[in-house]
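Colleague: This is the structure, below, for whatever I ask next.
Number of protein chains: 2
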Amino acid sequence: MTELDSFDISILNLLQADNFTPQRDIGDKIGLSAAAVQRRIKRLTDTGFIVSNTSVLNSQKLGNLITICVTVAMENEKIESIDEAKSLFKSCPEVQQCYYVTGDTDFILIVVEPSMHHYEQLCRRLFFANPNIKRFRSFIATDLVKIGSKITLDHLKAPKRK
Amino acid sequence: MTELDSFDISILNLLQADNFTPQRDIGDKIGLSAAAVQRRIKRLTDTGFIVSNTSVLNSQKLGNLITICVTVAMENEKIESIDEAKSLFKSCPEVQQCYYVTGDTDFILIVVEPSMHHYEQLCRRLFFANPNIKRFRSFIATDLVKIGSKITLDHLKAPKRK
DNA sequence: ATTCTGTATGAAACAAAATTGCAAAAAGTG
DNA sequence: CACTTTTTGCAATTTTGTTTCATACAGAAT
Numbered sequence: 001m002t003e004l005d006s007f008d009i010s011i012l013n014l015l016q017a018d019n020f021t022p023q024r025d026i027g028d029k030i031g032l033s034a035a036a037v038q039r040r041i042k043r044l045t046d047t048g049f050i051v052s053n054t055s056v057l058n059s060q061k062l063g064n065l066i067t068i069c070v071t072v073a074m075e076n077e078k079i080e081s082i083d084e085a086k087s088l089f090k091s092c093p094e095v096q097q098c099y100y101v102t103g104d105t106d107f108i109l110i111v112v113e114p115s116m117h118h119y120e121q122l123c124r125r126l127f128f129a130n131p132n133i134k135r136f137r138s139f140i141a142t143d144l145v146k147i148g149s150k151i152t153l154d155h156l157k158a159p160k161r162k
Numbered sequence: 001m002t003e004l005d006s007f008d009i010s011i012l013n014l015l016q017a018d019n020f021t022p023q024r025d026i027g028d029k030i031g032l033s034a035a036a037v038q039r040r041i042k043r044l045t046d047t048g049f050i051v052s053n054t055s056v057l058n059s060q061k062l063g064n065l066i067t068i069c070v071t072v073a074m075e076n077e078k079i080e081s082i083d084e085a086k087s088l089f090k091s092c093p094e095v096q097q098c099y100y101v102t103g104d105t106d107f108i109l110i111v112v113e114p115s116m117h118h119y120e121q122l123c124r125r126l127f128f129a130n131p132n133i134k135r136f137r138s139f140i141a142t143d144l145v146k147i148g149s150k151i152t153l154d155h156l157k158a159p160k161r162k
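Chain order of the listed sequences is A and B. Heads up: the first sequence begins at 1 in UniProt numbering, then just goes up one per residue. Heads up: the second sequence begins at 1 in UniProt numbering, then just goes up one per residue.
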């Protein structure tokens, strides 16, 4: 399965907004039967277009969590130390997101912690304990203006069939 | 409803991992009946702990999307221009995330675009067209090491009752 | 102590949704 | 056009979610 048709794109858009939407409703909206929708969702899942299905929580209600954006520059850009850092960041539950980027910084992290004390402890483990890290800078988020991972699918051409 | 008990925390953890887990399975795992789980989920939703339920898509399979981390510094920090920028970024579908942060940059954005050309067009609209923006810097993500919005709930104390 | 009240629970009944089987329609192929 | 493959809708079945109901328990008031 390489291509998506317009039905698939509509389904993905709807599921991104609310994956509890009944298949019947999805079918009504896009003009398919519930069974057809169900088969397509299964295929989209099996083929890896849909990675996971999650509930999004309100971090503001979960104990005054602090969100911090962190830029990290590595000392040397050897592939081993990069890979090592990647798996370290990936395995850390407090690190919500990690991007390996081009430019004068190597990583950008989004970290969520219950307190600044927790964050300081994290910095010790993640950054100070690691000699390969040259410099890191913390930007405390004072407003989560927009969060989520919704992907715009408008750019996808919609062929009649797959 | 102010507090969460250990059942609620377990439920939220499971739903963050997979919100299609049947309520019966959740109940079996944590030691409650399906009905009790269902009532708790409803309450967690009604009280705003659960914000939304979404399918997470694989951006790599959706047409070679480019993810860009952008730092934005404003010319003046008047509240009007900040608020204006916030609503501009928030309303832009290509902007997945937007954090208003402290430090020598004011905003950090996560942008997803189907091509560099699209991104350039976006920069024109978002940054060059706006005189209040002093400087912006783009960091192209070459690896989405970790994505998602999973929140660790381990820090929450678990009282016996609500 | 006892009653009353509010809340949470499990079991069972019920409703709604998802899944499957199958024949028909549509799309693709030579 | 005939043939193959794929996708579809419908209906039956199964699974899941939701509501109901009787009960248990904790705290407050009597």
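Backbone N, C-alpha and C fix where the C-beta goes; we use that ideal spot for every residue, glycine too. It should be emphasised that the depicted structure is a prediction, and the values quoted were computed from it without experimental measurement.
Rounded to the nearest angstrom, how far is the Cβ of K86/B from that of V145/A, given a contact under 8 Å?
Modeller: Contact flag correct, Cβ pair sits at about 5 Å.
Colleague: Pull up the DSSP beta-bridge partners for C98/A, would you.
Modeller: Partner(s): L109/A, K146/B.
Colleague: Mind listing which residues of the stretch 94-107 of chain B have their C-beta closer than 7 Å to chain A's C-betas, in chain order?
Modeller: Cβ contacts with chain A come from E94, V95, Q96, Q97, C98, Y99, Y100, V101, T102, G103, T105.
Colleague: Can you look up K134/A in the DSSP assignment and give me helix, strand or coil?
Modeller: Note: K134/A maps to strand in three-state DSSP.
Colleague: With a cut-off of 8 Å on the beta carbons, I'd call Q96/A and G148/B a contact; round off their distance for me.
Modeller: Right, their Cβ atoms sit about 6 Å apart.
Colleague: By the DSSP assignment, the alpha helix (DSSP H) with A35/A in it spans what residues?
Modeller: 34-46 is the extent of the alpha helix (DSSP H) around A35/A.
Colleague: Hey, could you find the ends of the alpha helix (DSSP H) I26/A is sitting in?
Modeller: Start and end: 23-30.
Colleague: Check whether the Cβ of A141/B lies closer than 9 Å to any Cβ atom in chain A.
Modeller: Yes, A141/B lies at the interface with chain A (some Cβ there is under 9 Å from its Cβ).
Colleague: Report the start-end ranges of each alpha helix (DSSP H) in the stretch 63-89 of chain A that is 4 residues or longer and not cut off at the edges.
Modeller: Complete alpha helix (DSSP H) runs here, min 4: none at all.
Colleague: With S59/B as the anchor, note down where its beta strand (DSSP E) starts and where it stops.
Modeller: Here S59/B belongs to no beta strand (DSSP E), and DSSP marks it neither H nor E.
Colleague: Considering only DSSP beta bridges, list what F139/A is partnered with.
Modeller: Bridge partners of F139/A: C69/A.
Colleague: Pick from R40/A, P22/A, F20/A, R24/A: whose alpha carbon is nearest that of I9/A?
Modeller: Among R40/A, P22/A, F20/A, R24/A, the Cα nearest to that of I9/A is on R40/A.
Colleague: Look at the alpha carbon of R161/B and the alpha carbon of G27/B, and state the distance between them as a whole number of angstroms.
Modeller: Note that R161/B scores 47 on pLDDT, short of 50, meaning its location in the model is unreliable; the coordinates nonetheless yield the value given after this. Between R161/B and G27/B, the C-alpha separation is close to 17 Å.
Colleague: Are any of the Cβ atoms in chain A nearer than 9 Å to that of S149/B?
Modeller: It does; some Cβ of chain A falls within 9 Å.
Colleague: Nearest to S55/A by CA position, among F20/B, D25/B, I79/B, is which residue?
Modeller: Selected option, being the one with the closest Cα: F20/B.
Colleague: With V3/A as the anchor, note down where its alpha helix (DSSP H) starts and where it stops.
Modeller: The question names Val, but residue 3/A in the sequence shown is Glu. No alpha helix (DSSP H) contains E3/A, which DSSP labels as neither H nor E.
Colleague: Would L130/A pass as an interface residue toward chain B - the criterion being a Cβ-Cβ separation below 9 Å?
Modeller: For clarity, residue 130/A is Asn in the given sequence; the question names Leu instead. For N130/A, the answer is no, since every Cβ of chain B falls outside 9 Å of its Cβ.
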